[in-house]
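*Asks:* Note that this note's numbering gives residue 172 to position 172 of the sequence shown, counting from 1, and the numbers run on in steps of one. The C-beta atom is built at its ideal place from N, Cα and C for all residues, glycine as well.
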Amino acid sequence: MSTETCILTTKDLTILEVMRERCLGRDDPLAPILKRKIESALVVLRDDVPVDVATLSSRVTFRVDGRDPDTRILSHDRMNGAAGLFLPITTPRALALLGLTAGQDFLLPDHEGREERVLLQKVQYQPEAARREREALANFSAPAQREPSLKLIRGAIHDQPRLERIGPDGFDDPGPSAA
Numbered sequence: 001m002s003t004e005t006c007i008l009t010t011k012d013l014t015i016l017e018v019m020r021e022r023c024l025g026r027d028d029p030l031a032p033i034l035k036r037k038i039e040s041a042l043v044v045l046r047d048d049v050p051v052d053v054a055t056l057s058s059r060v061t062f063r064v065d066g067r068d069p070d071t072r073i074l075s076h077d078r079m080n081g082a083a084g085l086f087l088p089i090t091t092p093r094a095l096a097l098l099g100l101t102a103g104q105d106f107l108l109p110d111h112e113g114r115e116e117r118v119l120l121q122k123v124q125y126q127p128e129a130a131r132r133e134r135e136a137l138a139n140f141s142a143p144a145q146r147e148p149s150l151k152l153i154r155g156a157i158h159d160q161p162r163l164e165r166i167g168p169d170g171f172d173d174p175g176p177s178a179a
């Protein structure tokens, strides 16, 4: 990795820590990757993760050793769906991509001992950014809350009409106790 730093949400870090605890020992090919990821992690809340960081359930475009780009969704585990759509973090490449920022790479030892360069080109979709966008749109489009008012016109005796406040339910009858 060009800079040994990755950005992980608290949820993603927790998942990686559980995966590391469940490793089958030093022979597990994911163990050294998990160690590097956890030790180099900058942990942020989901509302603070930059939009160009690969998080769990993000759709990412990446290259391996400069070959043609591939686009997949980083998933927690093997998903039943269209073949080639998901890339589970239980695989070395997906684990390498998790926490990277667009343009960042990760040097990954392959099964033959050679290193392959996994480059995150672009984050096409990130669930945390989409959630923030939905919330911002909902807050923007929600009408401002104001108390209802009623304009009473009393007749010729009073010169100016005045605004009278009514209850939040729009009903201003005080009931039989007022009689």
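Report yes if the C-beta distance between Ser57 and Ser75 is below 8 Å; otherwise report no.
*Replies:* Taking the sequence shown and counting its residues from 1, one reaches residue 57 at position 57. Taking the sequence shown and counting its residues from 1, one reaches residue 75 at position 75. Cβ atoms of Ser57 and Ser75: closer than 8 Å.
*Asks:* Out of Gly66, Leu120, Pro29, Ile15, which has the shortest C-alpha to C-alpha gap to Gly113?
*Replies:* As a position in the sequence shown, residue 113 is number 113, starting the count at 1. When only C-alpha atoms are compared, the closest one is Pro29.
*Asks:* Exposed or buried, which one is Ser2 when buried takes at least 16 other CB atoms within 10 Å?
*Replies:* Residue numbering aside, residue 2 sits at position 2 when the sequence shown is read from its first letter. No answer about Ser2 holds up, because its pLDDT of 42 lies below 50 and its placement is not dependable.
*Asks:* Roughly how many angstroms separate the alpha carbons of Cys6 and Asp110, rounded to a whole number?
*Replies:* Along the sequence shown, read from residue 1 onward, the residue named residue 6 stands at position 6. Along the sequence shown, read from residue 1 onward, the residue named residue 110 stands at position 110. Straight-line spacing of the CA atoms in Cys6 and Asp110 works out to 20 Å.
*Asks:* Could you tell me which residues DSSP puts in a beta bridge with Thr71?
*Replies:* Along the sequence shown, read from residue 1 onward, the residue named residue 71 stands at position 71. In the DSSP output, where bridge partners are listed per residue, Thr71 has Thr61.
*Asks:* Which residues bound the alpha helix (DSSP H) around Ala102?
*Replies:* One-based indexing of the sequence shown puts residue 102 at position 102. Unbroken run through Ala102: none, as it is neither H nor E.
*Asks:* State the beta-bridge partners of Arg117 as determined by DSSP.
*Replies:* Within the sequence shown, residue 117 is the residue found at index 117, counting from 1. Beta-bridge pairing links Arg117 to Leu107.
*Asks:* Under the DSSP definition of a beta bridge, which residues are partnered with Pro88?
*Replies:* The count along the sequence shown starts at 1 and reaches residue 88 at position 88. Bridge pairing for Pro88: Ser75 [DSSP].
*Asks:* Nearest to Leu119 by alpha carbon, out of Pro92, Asp48, Arg72, Gly103?
*Replies:* Here residue 119 refers to the residue found at position 119 when the sequence shown is read from its first residue. Nearest of Pro92, Asp48, Arg72, Gly103 to Leu119, Cα basis: Gly103.
*Asks:* According to DSSP, is Met1 part of a helix, a strand, or is it coil?
*Replies:* Counted from its first residue, the sequence shown places residue 1 at position 1. Residue placement at Met1 is flagged as unreliable, the pLDDT there being 40, under the threshold of 50; a coordinate-derived value is accordingly withheld.
*Asks:* Of the choices Gln126, Asn139, Arg117, whose alpha-carbon is the least far from that of Asp68?
*Replies:* Looking up residue 68 in the sequence shown gives position 68. Selected option, being the one with the closest Cα: Arg117.
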